[in-house]
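In the numbering used here, the protein residues as written are 76 to 378. Glycine is no exception: its CB is placed at the ideal position from the N, C-alpha and C atoms. Here the structure is laid out as structure tokens; the discussion comes afterwards.
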Amino acid sequence: MRRFSFSRRLLLALFVLAALAGCEPRPADSYTAEVDEPAFRRGKELVRQGRDGDALKEFLKVIAERGDDNAPESHLEAGILYQRHMKDPLAAIYHYRRFRDLRVNSPQAEKVRGQIEAAIREFARTVPSLLTENQSGNAELQNEIDALRRENNQLKTERETLRLSLQEAARRAQAPLATPPSGESAGGGNTSVALTPVQPDGYISPPLSPAPPAGWAQTPPQPSTRLPAQPARQQQTVQPASRPPGTATMRSHVVTRGDTLYSLAQRYYNNRSRWRDILAANQDQLASENTPLRIGMELRIPQ
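Structure (structure tokens):
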């Protein structure tokens with residue numbers, strides 16, 4: 076009875092050990108060889124066809140399926156494609172180093188070290204161009220900022236000039252208008268006529284004699300050698316009535332951007348040749364036709 080029990084326990088123990096042995100993970104050698112992976116084979120075939128982009132996808136698929144530490148050959152193929160065809164030296168360096176770490180004693184290890192150094196030099200050559208592009212972009216951005224700042228300052232100046240011009244125009248509008256003389260009509264075309272006696276040169280007015288008394292016999296005047304005085308002539312002198320400044324014969328214009336003497340003459344007279352009239356009416360502000368018109372300047376425009 077005891078022998079049967081012992082044999083039963085021994086068989087049970089052997090069964091448990093066998094079961095535990097079957098549950099252990101398979102070693103790496105139990106996987107399919109990397110070069111026999113379907114994706115790896117497709118990648119090699121695509122490389123022969125010159126389809127480098129599709130081949131790279133297949134090798135990266137092998138790395139993803141087998142794990143980053145169990146696909147050295149795919150790392151090597153990916154590094155070659157990244158360096159020679161994709162022109163991505165940083166990605167090539169990563170895959171080369173993964174192959175070197177996984178295959179330290181491989182006959183290709185020394186060659187891969189040379190590929191890593193070549194990829195590093197290639198990346199170093201691209202750094203100055205990247206810095207130059209970055210600096211060029213920064214310079215263009217700074218130029219745009221400076222241009223916007225100058226435009227903003229100009230707009231502020233024009234706004235202030237316009238504000239002062241509006242204030243001046245409002246002040247003049249509120250000032251009392253000049254009253255024309257009573258003798259001048261609203262049209263301003265009447266003139267006053269004055270009659271002034273004109274005496275000859277050297278003429279002296281004789282003194283007035285008192286009236287003779289009553290009964291006094293008046294003797295006839297004796298002839299005199301003095302030449303008779305020439306009668307006073309009357310000369311008609313026409314004097315135009317003075318016109319006070321600021322009458323309706325003048326208009327005003329506040330200069331805005333783009334105004335010139337020619338454009339103002341065309342605007343107000345429909346005749347560009349009358350710019351001289353505007354220049355003559357504003358000699359206190361415009362020394363010549365070459366004097367620039369400032370924005371906000373108030374010009375007088377003759378009728």
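Notebook entry, point to check: When we look at the beta-carbon of Ser-413 and count the other beta-carbons within 10 Å, is it buried (16 or more) or exposed?
Noted result: Coverage of the chain is limited to positions 76 through 378, which leaves residue 413 absent and any answer about it impossible.
Margin query: Rounded to whole angstroms, what is the Cα-Cα separation between Leu-374 and Leu-336?
Written below: Spanning the alpha carbons of Leu-374 and Leu-336 requires a straight line of approximately 10 Å.
Item checked: Among Ser-327, Val-202, Ala-153, nearest to Leu-241 - alpha-carbon criterion -> Ser-327
Note to self: Looking at Ile-138: is its Cβ nearer than 7 Å to the Cβ of Ala-146?
What the structure shows: yes
Check: In angstroms, rounded to a whole number, what distance separates the CA positions of Gln-314 and Leu-361?
Finding: Interpretation of Gln-314 is limited by its pLDDT of 45, a score under 50 that renders its predicted location unreliable; the figure taken from the coordinates is listed afterwards. Cα atoms of Gln-314 and Leu-361: separation of roughly 32 Å, rounded to the nearest angstrom.
Notebook entry, point to check: With a CB to CB cut of under 7 Å and the five nearest residues on each side skipped, what residues in its chain are close to Arg-175?
Noted result: The residues are Ala-184, Val-187, Arg-188.
Next item on the list: Tell me Arg-375's beta-bridge partners as DSSP assigns them.
Entry: BP columns for Arg-375 point to Ser-327.
Note to self: Measuring straight from C-alpha to C-alpha, what distance separates Ala-199 and Ala-193?
What the structure shows: 10 Å
Next item on the list: If I'm right that Val-329 touches Ala-244 with Cβ under 8 Å, what's the distance once you round it to whole angstroms?
Entry: About 7 Å separates the CB atoms of Val-329 and Ala-244; that is less than 8 Å, so the two are in contact.
Check: What span of residues does the alpha helix (DSSP H) with Glu-120 cover, start to end?
Finding: 113-123
Notebook entry, point to check: Going by other Cβ atoms of all chains shown within 10 Å of its Cβ, with 16 needed for buried, is Ala-222 buried or exposed?
Noted result: exposed
Margin query: Going by DSSP in three states, Gln-341 sits in which element: helix, strand or coil?
Written below: helix
Next item on the list: Would you check if the distance between the CB atom of Asp-127 and the CB atom of His-160 is smaller than 7 Å?
Entry: yes
Item checked: Option nearest Met-372 by Cα separation, candidates Pro-203, Glu-233, Lys-119, Asp-143 -> Glu-233
Notebook entry, point to check: By how many angstroms is the C-alpha of Leu-121 removed from the C-alpha of Phe-115?
Noted result: 10 Å
Item checked: Test item: CB-CB of Glu-152 and Phe-134 under 7 Å -> yes
Notebook entry, point to check: Terminal residues of the continuous alpha helix (DSSP H) containing Pro-147?
Noted result: 147-159
Note to self: Going by DSSP in three states, Ala-356 sits in which element: helix, strand or coil?
What the structure shows: helix
Notebook entry, point to check: Out of curiosity, what's the CA-to-CA distance linking Pro-367 and Gly-333?
Noted result: 11 Å
Notebook entry, point to check: For Ile-376 versus Tyr-343, is the C-beta distance shorter than 7 Å?
Noted result: yes
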